[in-house]
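So the protein sequences, as listed, match chains Z and P. Counting in the working numbering, the first sequence runs from 1 upward without gaps. Counting in the working numbering, the second sequence runs from 147 upward without gaps. Read through the structure below, which is laid out as structure tokens, and then see the notes.
2 protein chains.
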Amino acid sequence: MTGSAANGDDILALLRANGLRMTPQRRAIVAEIMATDGHINPADVARRVRQRVPGVNASTVYRTLDMLEDMGVLSHAHLETGAEYHRSSEGLHVHLICSRCGSEDALDAAEIEQLRDVVAQRRRFRPDFTHFAISGICAACAASAN
Amino acid sequence: MTGSAANGDDILALLRANGLRMTPQRRAIVAEIMATDGHINPADVARRVRQRVPGVNASTVYRTLDMLEDMGVLSHAHLETGAEYHRSSEGLHVHLICSRCGSEDALDAAEIEQLRDVVAQRRRFRPDFTHFAISGICAACAASAN
DNA sequence: GTCGTTGCAAAGCGTTTGCAACTAT
DNA sequence: ATAGTTGCAAACGCTTTGCAACGAC
Numbered sequence: 001m002t003g004s005a006a007n008g009d010d011i012l013a014l015l016r017a018n019g020l021r022m023t024p025q026r027r028a029i030v031a032e033i034m035a036t037d038g039h040i041n042p043a044d045v046a047r048r049v050r051q052r053v054p055g056v057n058a059s060t061v062y063r064t065l066d067m068l069e070d071m072g073v074l075s076h077a078h079l080e081t082g083a084e085y086h087r088s089s090e091g092l093h094v095h096l097i098c099s100r101c102g103s104e105d106a107l108d109a110a111e112i113e114q115l116r117d118v119v120a121q122r123r124r125f126r127p128d129f130t131h132f133a134i135s136g137i138c139a140a141c142a143a144s145a146n
Numbered sequence: 147m148t149g150s151a152a153n154g155d156d157i158l159a160l161l162r163a164n165g166l167r168m169t170p171q172r173r174a175i176v177a178e179i180m181a182t183d184g185h186i187n188p189a190d191v192a193r194r195v196r197q198r199v200p201g202v203n204a205s206t207v208y209r210t211l212d213m214l215e216d217m218g219v220l221s222h223a224h225l226e227t228g229a230e231y232h233r234s235s236e237g238l239h240v241h242l243i244c245s246r247c248g249s250e251d252a253l254d255a256a257e258i259e260q261l262r263d264v265v266a267q268r269r270r271f272r273p274d275f276t277h278f279a280i281s282g283i284c285a286a287c288a289a290s291a292n
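Here it is in structure tokens:
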């Protein structure tokens, strides 16, 4: 339930420690995830994995992603297009998404801290800004538009 | 493209001004929306409207919600369960959602302002905190849990 | 009469499920 | 041998689409 596994070996150990098994399908899925920086949605992961290793069923991909999230290897966040997975080891990641052009950026740890403080100032709610993206208008679009 | 219509008459006027028509189906959908505080998703709106006015097709509901959003009468936000519509006239509304118990709360204008400032401090990105919810742990859950 | 609007029916898409066969351990 | 895992195929829920009929203006 913990692990911030950074590589295949760590993940294998994690599975073993929980009585789970490392199958060829899981190897392929983990490899795909580890090869991808940033986020990809379940359907995309399924497509990509199947492209490399034709035998992998989509339902296996969905079940594996769920499992990896339970193990703490993956996390998901909600972007405009829906849920996206990313490696938990990538650390705090708050997505800024331009609603006009779709470009993406990210806040750093200090900024996230400040956002948390604003909320904590008046509420006992402990916000997790990584779970949902923050929509808005990027500098470029603000300059060129309205 | 503008309107913050608060009642049926305003909406009718808005449609007229844009060469659109007020049909019985639209009347039913608008009535349902106006009778609901908070948010409901498209599928729910469809179900509720059909319950009241059996003749209304689901595709009509989807098309009408899209149209009303284009007109500025409705807005949508992204919550854990997906997209939710709400009346634009309800004003700035930032959703705080507890990921443990699902309870909801909202930030007020002053807090939203402060969040904006945090981002503006170092970026030219203009955030819209209303578009995505903010996930986190509510006070009650933080107290009862580990 | 015009043109926006609707219902219908079908299809699309991502996702989930039950179950028998398979296989990592 | 034991349980975890997979593929299959079907079903699911939400949403979209093309098109002919309809109806608000």
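Note that beta-carbon positions come from the ideal geometry of N, C-alpha and C, so glycine has one too.
- Under the three-state reduction of DSSP output, Z:Val-94 falls in the strand class.
- Residue state for P:Pro-170 is assigned as helix, using DSSP reduced to three classes.
- DSSP places Z:Gly-136 in the uninterrupted beta strand (DSSP E) bounded by 134–137.
- Of the candidates Z:Glu-113, Z:Val-118, Z:Cys-101, Z:Val-118 places its Cα closest to the Cα of P:Ala-255.
- Apart from sequence neighbours up to five positions away, the residues of its chain that approach Z:Leu-79 with a beta-carbon distance below 8 Å are His-39, His-95, Ile-97, Ala-133, ordered along the chain.
- From the beta-carbon of Z:Ala-142, the residues of chain P found nearer than 9 Å are Arg-270, Phe-271, Arg-272.
- Among the residues of the segment 87–112 of chain Z, those with a Cβ less than 8 Å away from any Cβ of chain P are Leu-96, Cys-98, Ser-99, Asp-105, Leu-107, Glu-111, in the order of the chain.
- When only Cα atoms are considered, P:Gln-267 and P:Gly-218 end up about 30 Å apart.
- In the three-state reduction of the DSSP assignment, Z:Gly-102 falls in the coil class, being assigned neither a helical nor a strand state.
- Interface with chain P (7 Å Cβ-Cβ cutoff): Z:Gly-136 is included.
- For P:Glu-226, no alpha helix (DSSP H) segment is defined, and its DSSP state is neither H nor E.
- When secondary structure is reduced to three states using DSSP, Z:Pro-127 falls in the strand class.
- The beta carbon of Z:Leu-15 sits no closer than 7 Å to any beta carbon of chain P.
- Ranking Z:Gln-114, Z:Gly-19, Z:Thr-36, Z:Ile-137 by CA distance to the CA of Z:Asn-7 puts Z:Thr-36 first.
- Within a 10 Å sphere around the beta-carbon of Z:Ser-103 sit fewer than 16 other beta-carbons, which makes this residue exposed.
- Annotation: the continuous alpha helix (DSSP H) that includes Z:Arg-63 extends over 58–70.
- Per DSSP, the unbroken alpha helix (DSSP H) holding P:Gly-154 starts and ends at 154–163.
- Among the residues facing chain Z, P:His-224 is included, as its CB has a counterpart in that chain under 7 Å away.
- Of the residues Z:Ile-137, Z:Ala-31, Z:Thr-60, the one whose Cα lies closest to the Cα of P:Arg-262 is Z:Ile-137.
- When the Cα atoms are used, P:Ala-192 and P:Ala-174 turn out to be separated by approximately 10 Å.
- When rounded, the separation of the alpha-carbon atoms in P:Ala-286 and P:Ala-252 is 16 Å.
- Looking at the backbone, the Cα of P:Pro-273 and that of Z:Ile-112 are separated by about 14 Å.
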